[in-house]
Every structure is written in structure tokens, then in C-alpha cells.
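Student: Here it is: the structure, laid out below.
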């Protein structure tokens with residue numbers, strides 16, 4: 055393929071094709087719909103997320119590489135897909151180290167999970183492949199021009215799927231075959247296509263952070279933030295609600311330059327009115343929905359309306375942390391093996407403990423390096 059500067063329509067057509075294809079990839083993979091599709095077993099050999107992703111990503115990578123090699127005069131705008139990898143070398147290096155540790159020694163330790171066809175062993179390498187191509191996608195001209203629209207479409211899918219399960223519990227898990235019915239970590243809590251309520255809250259808030267613009271208040275974006283808050287409330291995720299409060303506070307802080315005088319007073323009063331509306335109106339309405347009818351849902355509503363402690367003194371998570379600290383003491387340096395945490399009946403609810411239990415001190419340090427590089 056030759057891209058000529060006197061035929062810009064070719065470049066525009068290629069950008070449009072790449073843009074549509076990447077939009078589909080973002081919507082499927084950022085929403086975790088790939089995992090749901092795999093659990094449905096509808097697509098047979100193609101149901102595996104890795105295969106679907108590579109079938110979509112490798113042709114694009116080949117096109118980009120060929121165009122870059124053929125671009126002697128610099129006609130392709132920079133930064134391009136390959137340049138994004140160069141700009142993110144520290145992150146890629148830290149991630150690669152984490153993957154390497156998960157494979158060696160992680161895969162040969164006694165506690166490593168090897169009887170599932172290597173699924174647990176390939177989780178991090180698969181995530182590395184997705185992340186690497188994700189960086190390349192971000193450098194594509196089509197994405198640089200329309201990335202907010204792409205993320206907005208993805209946000210719409212995530213929020214809509216959560217709100218659907220708010221009114222119709224188990225909508226997505228109910229479509230799965232019996233053998234994969236446990237795809238959702240807690241099917242009674244609305245999580246949409248994401249399957250896990252905490253993951254759903256994090257994804258929706260992450261997308262919201264990327265979509266918002268921080269130079270001034272825009273009412274459509276305030277509405278987007280309000281819809282995100284409602285969806286996070288629906289997930290019953292305590293961590294998600296704390297993160298939501300941080301997002302709102304950060305958004306108002308960055309917009310403070312244009313919120314002065316009467317506007318500042320109006321914003322503060324509006325914020326207080328919104329909080330009061332959530333506590334006095336929205337939460338009581340949620341209490342009547344099936345998704346909040348069980349004991350756990352009612353307990354979380356009591357926390358949010360200040361009728362109960364946010365973290366009970368006998369909270370089971372504290373006991374979990376103690377048990378996993380004991381597991382760490384059994385294999386401090388190398389850990390128990392990649393995937394060991396998956397063999398435990400209840401997860402640690404803590405990524406630092408999980409890395410330490412599975413891959414020891416090297417895995418924990420590599421994980422911290424990845425967070426620091428990001």
C-alpha cells in the first residue's frame with residue numbers, strides 16, 4: 055500500500071476504516087464484554103477473547119508498520135502508533151517484568167495453577183498484549199481525532215448495561231449456559247457486562263475521568279457525571295463511591311478558575327442539594343428495587359444513609375487480610391505460584407496482597423514499578 059500526499063482521500067478512507075474498527079474493539083474490550091462473549095460459548099473457536107483481539111489487532115499493526123516503513127518523507131502525521139510505544143517505554147518495561155515473573159518462577163512453583171489449560175498463567179501476558187496494542191491504538195490518527203466520542207460510546211454501553219441490571223437483575227448472567235453461570239462474581243449486584251461490581255464502578259469512573267474536560271463547567275458533562283454516580287450507586291461498590299467522591303471533588307477543583315463569586319455559591323449549593331437528593335430521594339427509591347432487596351444490599355444502603363457503619367468492626371475483609379498475610383509468611387520471597395489466589399474460596403480484595411501471595415517480593419515490586427511508571 056502506498057500513501058501519496060497528493061491523494062489525501064486514501065489516508066482519510068484508511069483513517070475512517072481504522073476508526074470504525076478501533077471503536078468496536080474499544081467498546082468490546084473496555085467494557086469487559088469480551089469475557090461475557092467468551093462465557094456465552096456462542097462463537098465456538100472464536101469465542102476466546104485472545105483470538106478475537108489478535109484477529110482484529112494484528113492486521114492493523116501490519117498496516118501501520120508497512121505505512122511507517124514506506125513513509126520516507128514523513129507524510130504520516132506524528133506521533134503515530136509505533137511512536138506511542140517509544141513514549142511509554144517505562145510502563146511497557148515494568149509490565150513486561152511483571153509478566154516474566156508470573157511465568158518464571160511463578161509458573162513452576164508448587165501452588166501455580168497449571169491444570170486449567172494454562173489460562174491463569176496467560177492472564178498477565180494476555181493483558182500485556184492488549185495493553186501494548188491499546189497504546190498503539192491511541193496513536194492512530196482516527197483515534198486522536200475522535201477519542202472522546204469513542205470513549206463516550208464505551209461509557210454509554212457500560213452505564214446502560216449496569217442500569218439494565220438495576221431494574222432487571224441477572225440480565226446478562228442469565229443468558230449464560232449453566233456451566234458458565236458463575237461468570238459474575240456476585241450476580242445479585244448490578245454489574246452489567248463487567249460481571250464484577252467493583253470492576254464496573256472502576257471502569258465507569260475511569261471512562262468518565264477521560265471524557266470530562268476541566269477548563270470549565272459544562273452542563274452535559276455534569277449530567278454525564280450524575281449518570282455515572284447513579285450507575286456506581288447501583289453497583290453497591292463502597293470503593294467505587296469513595297472514588298466517585300474524589301472524582302467530583304477533583305473535577306470541581308480543576309474548574310475552580312471559572313467558578314467564582316455567585317457561580318461558586320451556586321455550585322456549592324447545587325452540590326449540597328445533589329447530595330441531599332441522593333440520600334433522601336434516590337437511596338430510598340433504590341431500596342424498593344429487587345437488586346437491593348437482599349440483606350447485603352440493605353446493609354450497604356444503611357451505610358450510605360449513615361444508619362450503619364461504613365466498615366463494620368467485625369468486617370470479614372479484615373479476617374481475609376489476616377489469612378493472606380499468614381499465607382505470605384509461608385512463602386515470602388517467591389510466593390506460592392501464579393494463579394494460587396484463584397484456588398482460594400474468597401479473594402483478597404487487595405491487589406498488593408494478591409501479587410505478593412502469588413509471585414512473592416519480585417511480583418510485588420514489579421507491580422509497584424508498573425503503578426509508578428504509569
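Residue numbers (this note's numbering): 55 to 428.
We treat Cβ as the ideally placed atom computed from N, Cα and C, and that holds for glycine.
All figures in this text were calculated on a predicted structure; none of them were measured in a lab.
Please classify residue 170: is it buried, with 16 or more other beta-carbons within 10 angstroms of its beta-carbon, or exposed?
Tutor: Looking at its Cβ environment, which holds fewer than 16 other Cβ atoms inside 10 Å, residue 170 is exposed.
Student: Return the CA-CA distance between residue 331 and residue 340, expressed in angstroms with no decimal places.
Tutor: Spanning the two alpha carbons is a distance of roughly 13 angstroms.
Student: Under a three-way DSSP split, which group does residue 309 fall into?
Tutor: The answer is coil: DSSP assigns residue 309 none of H, G, I, E or B.
Student: From residue 184 to residue 223, what distance separates their C-alpha atoms?
Tutor: Going by the C-alpha atoms only, they are around 30 angstroms apart.
Student: Do residue 189 and residue 138 have their C-beta atoms within less than 8 angstroms of each other?
Tutor: In contact: residue 189 and residue 138 (Cβ atoms closer than 8 angstroms).
Student: So residue 141 packs on residue 424, CB below 8 angstroms; how close in whole Å?
Tutor: About 16 angstroms separates the two Cβ atoms, so there is no contact after all.
Student: Here's a check: name, in chain order, each residue in its chain whose Cβ is nearer than 7 angstroms to the Cβ of residue 82, leaving out the five neighbours to either side.
Tutor: The residues are 88.
Student: Tell me whether the region 262 to 279 and the region 245 to 252 touch, counting them as touching only if at least three CB pairs, one residue from each stretch, are closer than 8 angstroms.
Tutor: No: the two stretches stay apart, fewer than three of their Cβ pairs being nearer than 8 angstroms.
Student: Is it buried or exposed, residue 413, if we count other Cβ atoms within 10 angstroms and call 16 or more buried?
Tutor: By the 10 Å Cβ count, residue 413 comes out buried.
Student: For residue 301, tell me which candidate among 328, 287, 260 and 326 has the shortest Cα-Cα distance.
Tutor: When each option's Cα is compared against that of residue 301, the closest is 260.
Student: Which of the three DSSP states is assigned to residue 202 in this structure?
Tutor: Residue 202 falls in the helix class under three-state DSSP.
Student: Below 8 angstroms on the Cβ atoms is my contact criterion, and I expect residue 375 with residue 407 to pass it. Report the Cβ-Cβ distance as a whole number of Å.
Tutor: Yes, residue 375 and residue 407 are in contact; Cβ-Cβ is about 7 angstroms, under 8 angstroms.
Student: My output table needs one value for residue 388: the three-state DSSP class, helix, strand or coil.
Tutor: Coil at residue 388, not helix or strand.
Student: Counting pairs of Cβ atoms below 8 angstroms between the region 209 to 229 and the region 272 to 289, do you hit three or more?
Tutor: With a cut-off of 8 angstroms, the region 272 to 289 and the region 209 to 229 count as touching, because enough Cβ pairs lie within range.
Student: Quick check: residue 216 and residue 172, are their CB atoms within less than 8 angstroms of each other?
Tutor: No, they are not a contact pair.
Student: Starting from residue 180 and walking both ways along the alpha helix (DSSP H), at which residues does that stretch end?
Tutor: 177 to 192 is the span of the alpha helix (DSSP H), which, as asked, contains residue 180.
Student: What first and last residue would you give for the alpha helix (DSSP H) that runs through residue 406?
Tutor: Residues 405 to 427.
Student: Going by DSSP in three states, residue 96 sits in which element: helix, strand or coil?
Tutor: It is coil, neither helix nor strand.
Student: Quick one: what does DSSP say residue 59 is sitting in, helix, strand or coil?
Tutor: Only weak support exists for where residue 59 lies, its pLDDT of 41 falling under 50; the value from the coordinates is given anyway. Three-state DSSP puts residue 59 in coil, outside helix and strand.
Student: Answer with buried or exposed for residue 372, where buried requires no fewer than 16 other C-beta atoms within 10 angstroms of its C-beta.
Tutor: So residue 372 ends up on the exposed side.
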